[in-house]
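K.L.:
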Amino acid sequence: MGNRLPRAIGKEPGCPGPGNISFRNCVPCSRTRDLRLTEGIADMRDLLRSASRWGGSKARPYQAARAYRLGFASVAMLVASFAVPQVRAEEVTKSFTVAGRPTVHVETNDGSVRVTSGDSKQVEFRVEYQGYELGRNLTVDARQDGDKVELVARVTAHWGIQLNWGHNGRRLHIEVRMPQQGDLQVHSGDGSVESSGINGSVNVDTRDGSVKANTLNGTIDLHTGDGSITVDTLKGDIKLRTGDGSIEARDLDGKVEADSGDGHIRLVGRFEALNVKTGDGSVDTRVLPGSKMATSWILRTGDGSVDVALPADFQADINATTGDGHISLGIPVTVEGTFKRSEVRGKMNGGGQTLTIHTGDGSIRLNKS
Numbered sequence: 062m063g064n065r066l067p068r069a070i071g072k073e074p075g076c077p078g079p080g081n082i083s084f085r086n087c088v089p090c091s092r093t094r095d096l097r098l099t100e101g102i103a104d105m106r107d108l109l110r111s112a113s114r115w116g117g118s119k120a121r122p123y124q125a126a127r128a129y130r131l132g133f134a135s136v137a138m139l140v141a142s143f144a145v146p147q148v149r150a151e152e153v154t155k156s157f158t159v160a161g162r163p164t165v166h167v168e169t170n171d172g173s174v175r176v177t178s179g180d181s182k183q184v185e186f187r188v189e190y191q192g193y194e195l196g197r198n199l200t201v202d203a204r205q206d207g208d209k210v211e212l213v214a215r216v217t218a219h220w221g222i223q224l225n226w227g228h229n230g231r232r233l234h235i236e237v238r239m240p241q242q243g244d245l246q247v248h249s250g251d252g253s254v255e256s257s258g259i260n261g262s263v264n265v266d267t268r269d270g271s272v273k274a275n276t277l278n279g280t281i282d283l284h285t286g287d288g289s290i291t292v293d294t295l296k297g298d299i300k301l302r303t304g305d306g307s308i309e310a311r312d313l314d315g316k317v318e319a320d321s322g323d324g325h326i327r328l329v330g331r332f333e334a335l336n337v338k339t340g341d342g343s344v345d346t347r348v349l350p351g352s353k354m355a356t357s358w359i360l361r362t363g364d365g366s367v368d369v370a371l372p373a374d375f376q377a378d379i380n381a382t383t384g385d386g387h388i389s390l391g392i393p394v395t396v397e398g399t400f401k402r403s404e405v406r407g408k409m410n411g412g413g414q415t416l417t418i419h420t421g422d423g424s425i426r427l428n429k430s
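Using this note's numbering, you'd call the opening residue of the sequence shown number 62 and step up by one each time.
In structure tokens form, the structure reads like this:
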């Protein structure tokens with residue numbers, strides 16, 4: 062190892078404590094932790110090499126055993142000295158009073174968001190953070206302009222080697238409580254988003270994380286670049302989109318568009334318009350009584366099965382095709398023109414708007430709901 066030894070945490074200029082104190086609340090120590098880890102890894106390698114040299118084939122048994130004990134004891138002490146302690150969570154709270162219908166905008170580049178509603182005219186924010194230092198690698202900015210309220214929480218780049226996987230004990234979570242009657246916009250660069258109990262426009266976009274929602278009524282647009290979407294009790298104009306993940310939706314009511322680049326889609330609801338597409342995954346749609354086709358519907362997958370359950374009195378023109386699979390009918394369809402193993406064209410209860418069902422590679426099953 063030469064003359065290089067790992068320096069003790071707690072020896073930095075400005076550090077209030079003695080050597081080997083916890084660096085949890087010591088900024089000078091935490092800033093040099095990653096540099097020391099690099100030195101510590103090199104020391105560990107040298108220790109093991111020395112143990113191997115001392116414990117070679119020419120060494121006496123007790124010398125070899127002692128060398129390896131010393132080497133591994135040193136390694137254990139080194140690893141323990143760099144163990145990351147539990148970092149205390151802290152928070153920032155903000156509250157604003159609105160007179161009319163609020164528009165709430167929440168933005169973070171690295172954190173999860175949860176939004177709920179209440180009966181008051183207050184918009185309340187709580188930003189919980191752990192492992193960050195406010196003002197150094199985390200900024201929180203909340204402001205109000207009339208009935209428009211905005212919160213922006215940003216994490217700046219943190220340098221150095223991280224001791225463990227994930228975010229090295231770092232966490233950022235935003236809690237929002239807003240009036241039930243209002244509009245919501247949420248953008249997260251990396252984190253999950255949950256929303257519930259809002260009557261109005263809801264627009265959610267996360268680049269990497271899951272999206273969950275329940276009890277929303279209005280114009281709803283939920284999007285994730287990479288993650289699943291799970292929703293329950295949504296009414297209005299509904300868009301559910303994920304670049305890579307599944308979509309699970311129950312108790313939908315209205316016009317629905319569901320799109321996944323790679324994942325299965327399962328929908329249950331009363332639909333007026335329905336456009337479902339996945340590049341690679343199954344489609345399972347249950348159409349509840351009371352659904353009426355205001356326009357043509359499309360259910361499509363590039364590779365996977367399609368299961369559709371329809372009410373007994375449902376009226377539609379059926380156009381079902383599969384590139385490589387078979388079609389089975391558990392409902393009465395009056396065939397007009399085409400009836401093949403891989404293609405069916407006909408009318409259900411006299412016909413109506415066109416229901417198009419297609420899979421590039423998979424089976425199609427139509428049954429009663």
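All C-beta atoms, glycine included, are put in the ideal place defined by N, C-alpha and C.
One question on the structure: do His234 and Ser271 come within less than 7 Å of each other, judged by their Cβ atoms?
P.N.:
Against the sequence shown, residue 234 aligns to sequence position 173. Against the sequence shown, residue 271 aligns to sequence position 210. For His234 and Ser271, no; Cβs fall outside 7 Å.
K.L.:
Take the Cβ of Ala160 as the centre, count every other Cβ of all protein chains shown within 10 Å, and call the residue buried at 16 or more, exposed below.
P.N.:
Along the sequence shown, one-based indexing puts residue 160 at 99. Exposed.
K.L.:
According to DSSP, is Asn264 part of a helix, a strand, or is it coil?
P.N.:
By 1-based counting over the sequence shown, the position of residue 264 is 203. Of the three classes helix, strand and coil, the one that applies to Asn264 here is strand, per DSSP.
K.L.:
Quick one: what does DSSP say Glu211 is sitting in, helix, strand or coil?
P.N.:
Numbered from 1 along the sequence shown, position 150 holds the residue referred to as residue 211. Three-state result, Glu211: strand.
K.L.:
Touch check for the region 333–342 and the region 398–407: three-plus C-beta pairs under 8 Å?
P.N.:
No, they do not touch.
K.L.:
Straight-line CA distance for Thr158 to Thr200?
P.N.:
Mapped onto the sequence shown, residue 158 falls at position 97. Mapped onto the sequence shown, residue 200 falls at position 139. Each residue's alpha carbon lies about 23 Å from the other.
K.L.:
To the nearest angstrom, how far is the alpha carbon of Arg231 from that of Gly413?
P.N.:
In the sequence shown, residue 231 corresponds to position 170, counting from 1. In the sequence shown, residue 413 corresponds to position 352, counting from 1. Distance between the alpha carbons of Arg231 and Gly413: 56 Å.
K.L.:
With DSSP run on the structure shown, which of helix, strand or coil describes Ser178?
P.N.:
Here residue 178 refers to the residue found at position 117 when the sequence shown is read from its first residue. DSSP places Ser178 in strand when its eight states are reduced to three.
K.L.:
Decide if Glu168 is buried, meaning its Cβ has at least 16 other Cβ atoms within 10 Å, or exposed.
P.N.:
Position 107 of the sequence shown holds residue 168. It is buried - the Cβ of Glu168 has at least 16 other Cβ atoms within 10 Å.
K.L.:
Using a Cβ-Cβ cutoff of less than 6 Å, which residues in the same chain neighbour Trp358 once the five nearest sequence positions on both sides are dropped?
P.N.:
Working through the sequence shown from its first residue, we reach residue 358 at position 297. Counting only Cβ-Cβ distances below 6 Å, and skipping sequence neighbours, we find Leu335, Leu416.
K.L.:
Alpha carbons only, please: which of Arg327, Val396, Glu318 is nearest the one belonging to Glu333?
P.N.:
As a position in the sequence shown, residue 333 is number 272, starting the count at 1. Answer by Cα proximity: Glu318.
K.L.:
Just grab the DSSP bridge partners of Val247 for me.
P.N.:
Here residue 247 corresponds to residue number 186 of the sequence shown, with the count starting at 1. Answer by DSSP bridge pairing, in chain order: Val167, Val265.
K.L.:
Out of Asp312, Glu151, Ala203, which one is the CA nearest neighbour of His166?
P.N.:
If you number the sequence shown from 1, residue 166 lands on position 105. Per the Cα distances, Ala203.
K.L.:
Secondary structure at Ile392, three-state DSSP: helix, strand or coil?
P.N.:
One-based indexing of the sequence shown puts residue 392 at position 331. Looking at Ile392 - three-state DSSP - the assignment turns out to be coil, as it is neither helix nor strand.
K.L.:
So is His387 buried or exposed if we call it buried at 16+ other beta carbons inside 10 Å?
P.N.:
On the sequence shown, position 326 is the one that residue 387 refers to. It is exposed - the Cβ of His387 has fewer than 16 other Cβ atoms within 10 Å.
K.L.:
Just the C-alpha distance for Lys429 and Ile379, rounded to the nearest angstrom, thanks.
P.N.:
Residue numbering aside, residue 429 sits at position 368 when the sequence shown is read from its first letter. Residue numbering aside, residue 379 sits at position 318 when the sequence shown is read from its first letter. So the two alpha carbons sit approximately 14 Å from each other.
K.L.:
What does Val216 pair with, by DSSP beta-bridge criteria?
P.N.:
Mapped onto the sequence shown, residue 216 falls at position 155. The partner list for Val216 (beta bridge, DSSP) reads Leu199.
K.L.:
So what does Phe186 bridge to, in DSSP terms?
P.N.:
Translated into the one-based positions of the sequence shown, residue 186 becomes position 125. For Phe186, which the question treats as bridged, DSSP gives the partners Lys155, Val237.
K.L.:
Using DSSP bridges, identify the partner residues of Gln242.
P.N.:
Translated into positions along the sequence shown, residue 242 becomes position 181. According to DSSP, Gln242 bridges with Asn260.
K.L.:
Which value, in whole angstroms, describes the spacing of the CA atoms of Gly304 and Lys273?
P.N.:
One-based indexing of the sequence shown puts residue 304 at position 243. One-based indexing of the sequence shown puts residue 273 at position 212. Going by the C-alpha atoms only, they are around 16 Å apart.
K.L.:
Going by beta carbon distance, what residues of the same chain come within less than 8 Å of Ser178, once the five residues before and after it are set aside?
P.N.:
Stepping through the sequence shown from its first residue, residue 178 is reached at position 117. These residues qualify, in order along the chain: Arg238, Met239, Pro240, Gln241, Gly243, Ser257, Gly258, Ile259.
K.L.:
Measure from the alpha carbon of Thr382 to the alpha carbon of each residue in Thr356, Asp368, Gln376, then state which is nearest.
P.N.:
Translated into positions along the sequence shown, residue 382 becomes position 321. Closest by alpha carbon: Asp368.
K.L.:
Ends of the beta strand (DSSP E) at Asp314?
P.N.:
Translated into positions along the sequence shown, residue 314 becomes position 253. Asp314 -> beta strand (DSSP E) spans 308–321.
K.L.:
Under the rule that 16 or more other beta-carbon atoms within 10 Å means buried, what is Pro163, buried or exposed?
P.N.:
Here residue 163 is taken as the residue at index 102 of the sequence shown, counted from 1. Looking at its Cβ environment, which holds 16 or more other Cβ atoms inside 10 Å, Pro163 is buried.
K.L.:
Near Leu195, which residues of its chain fall below 8 Å by C-beta distance, leaving aside the five closest residues on each side in sequence?
P.N.:
Mapped onto the sequence shown, residue 195 falls at position 134. So the qualifying residues of the chain are Glu151, Val153, Val201.
K.L.:
Go through its chain and collect everything with a Cβ distance to Ser307's Cβ below 6 Å, but skip five positions before and after it.
P.N.:
Position 246 of the sequence shown, counting from 1, holds the residue named residue 307. Contacts found: Ser289, Gly324, His325.
K.L.:
For Arg302, does the count of other Cβ atoms within 10 angstroms reach 16, so buried, or fall short, so exposed?
P.N.:
Counting from one through the sequence shown, the residue named residue 302 turns up at place 241. The residue in question, Arg302, is buried, as its Cβ has 16 or more Cβ neighbours within 10 Å.
K.L.:
Closest by CA to Gly363, which one among Val348, His419, His284?
P.N.:
Numbered from its first residue, the sequence shown carries residue 363 at position 302. Per the Cα distances, His419.
K.L.:
Straight-line CA distance for Ser181 to Val265?
P.N.:
For the purposes of this step, residue 181 is taken as the residue at position 120 of the sequence shown. For the purposes of this step, residue 265 is taken as the residue at position 204 of the sequence shown. If you take the alpha carbons of Ser181 and Val265, they lie about 23 Å apart.
K.L.:
Taking only three categories from DSSP, how would you classify Asp374?
P.N.:
As a working mapping, residue 374 is identified with position 313 in the sequence shown. In the structure shown, Asp374 sits in coil (DSSP, three-state: anything other than H, G, I, E or B).
K.L.:
Please state the DSSP three-state secondary structure of Leu427.
P.N.:
As a working mapping, residue 427 is identified with position 366 in the sequence shown. Of the three classes helix, strand and coil, the one that applies to Leu427 here is strand, per DSSP.
K.L.:
Report the start-end ranges of each beta strand (DSSP E) in the region 319–372 that is 3 residues or longer and not cut off at the edges.
P.N.:
Here the runs fully enclosed are 326–339, 344–348, 358–362, 367–371.
K.L.:
Quick test of your reading: Arg327 and Ser352, contact by CB under 8 Å. State the CB separation rounded to the nearest angstrom.
P.N.:
Position 266 of the sequence shown, counting from 1, holds the residue named residue 327. Position 291 of the sequence shown, counting from 1, holds the residue named residue 352. Not really, about 16 Å apart at Cβ, beyond 8 Å.
K.L.:
With distances taken between CB atoms, is the gap from Glu236 to Arg311 smaller than 7 Å?
P.N.:
Position 175 of the sequence shown, counting from 1, holds the residue named residue 236. Position 250 of the sequence shown, counting from 1, holds the residue named residue 311. No, Cβ-Cβ distance for Glu236 and Arg311 is not below 7 Å.
K.L.:
Count the other CB atoms, across all protein chains shown, that sit within 10 Å of the CB of Gly63; report buried if there are 16 or more and exposed otherwise.
P.N.:
The residue labelled residue 63 in the question sits at position 2 within the sequence shown. Confidence at Gly63 is low in this model, with a pLDDT of 45, below 50, so its placement is unreliable and the value that follows should be read with caution. It is exposed - the Cβ of Gly63 has fewer than 16 other Cβ atoms within 10 Å.
K.L.:
Taking C-alpha atoms, which residue in Glu211, Gln205, Gly322 lies nearest to Gly286?
P.N.:
Position 225 of the sequence shown, counted from the start, is the residue given in the question as residue 286. For Gly286, the nearest C-alpha among the options comes from Gly322.
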